[in-house]
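So in my numbering, the last spot in the sequence shown is 402, and the numbers never skip.
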Amino acid sequence: NAYRKFRVGEYEPYMTLGTLQKRLGTKNQYNRYENPTGIYLKAGESCVVAVNGINSQYPVGLIIKNWLTNESSSSYSLRNGLNTITAKTEGNVFVNYFTDDFETAPNVQIHFINAPVQGYWDQETMTNEDWVELLKGRSKEDNTILITRSEHAQLAYPVSAWLQHCPTNVDSTMTL
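Right, dumping it as structure tokens:
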């Protein structure tokens, strides 16, 4: 199943935002949405999430962000085993896993058992053919947000905009 890679994944830890901000010498915090899952939930929608590999030293959670309205994100703590999440807001689901021990902290395995899959495109592991497949069958009226990411950029636009402006060659869009 093409969507299996979004439903079941392994997620790595990232450097805490405060430490990254100090290293980069910036005034604003960096992106807290580093680990896209490809899952998209509507407000009030519930899903069961199986988790393995959380070390008690390193908390792991989920964040749901609605990029269309830019409303506040909602956060959920995870524990090893089964977790039931009921979305407070509509949006893309991200794994919230930050630690300054990111080089040695373990990856975690997360299985979104019954969650709707939106997908996302990652330049490191996917091709333009994967992009075309990801957009296949989507409506030009679909305003759910589809995430793309590369080594240097992450973009979040409605499916309708991707279909209109970048239906076949996302790789060149994401190359800086």
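For every residue, glycine included, the Cβ atom is placed at its ideal position computed from N, Cα and C.
Cβ separation of residue i and residue j, assumed to be a contact under 8 Å, to the nearest whole Å
i: Q344; j: G264; result: 6 Å
i: Y346; j: I373; result: 4 Å
i: A382; j: W293; result: 4 Å
i: P239; j: Y284; result: 6 Å
i: A313; j: S298; result: About 13 Å separates the two Cβ atoms, so there is no contact after all.
Collapsed DSSP secondary structure at residue i in the structure displayed
i: Q247; result: helix
i: H378; result: coil
i: A331; result: coil
i: D368; result: coil
i: N227; result: For N227, the pLDDT reaches just 47, beneath the cut-off of 50, and the residue's location in the model is therefore unreliable, leaving the point undetermined.
i: A387; result: helix
i: V343; result: strand
i: S398; result: helix
i: E260; result: coil
i: D356; result: helix
i: L361; result: helix
Where residue i falls, given that 16 or more other Cβ within 10 Å makes a residue buried
i: I339; result: exposed
i: L308; result: exposed
i: K291; result: buried
i: N322; result: buried
i: S398; result: exposed
Alpha-carbon spacing of residue i relative to residue j, whole angstroms
i: A276; j: T325; result: 22 Å
i: N227; j: I336; result: With a pLDDT of 47 at N227, under the threshold of 50, the modelled position of this residue cannot be trusted, and the question is left open.
i: G270; j: L304; result: 18 Å
i: A379; j: M400; result: 7 Å
i: S272; j: G287; result: 15 Å
i: Y237; j: C392; result: 28 Å
i: G251; j: S365; result: 42 Å
i: P332; j: Y259; result: 19 Å
is_contact[residue i, chain D] using C-beta, thresh 8 Å
i: Y240; result: This model lacks chain D altogether, as it is built from one protein chain only.
Does the count of Cβ pairs from the region 306-320 and the region 347-362 closer than 8 Å reach three? no
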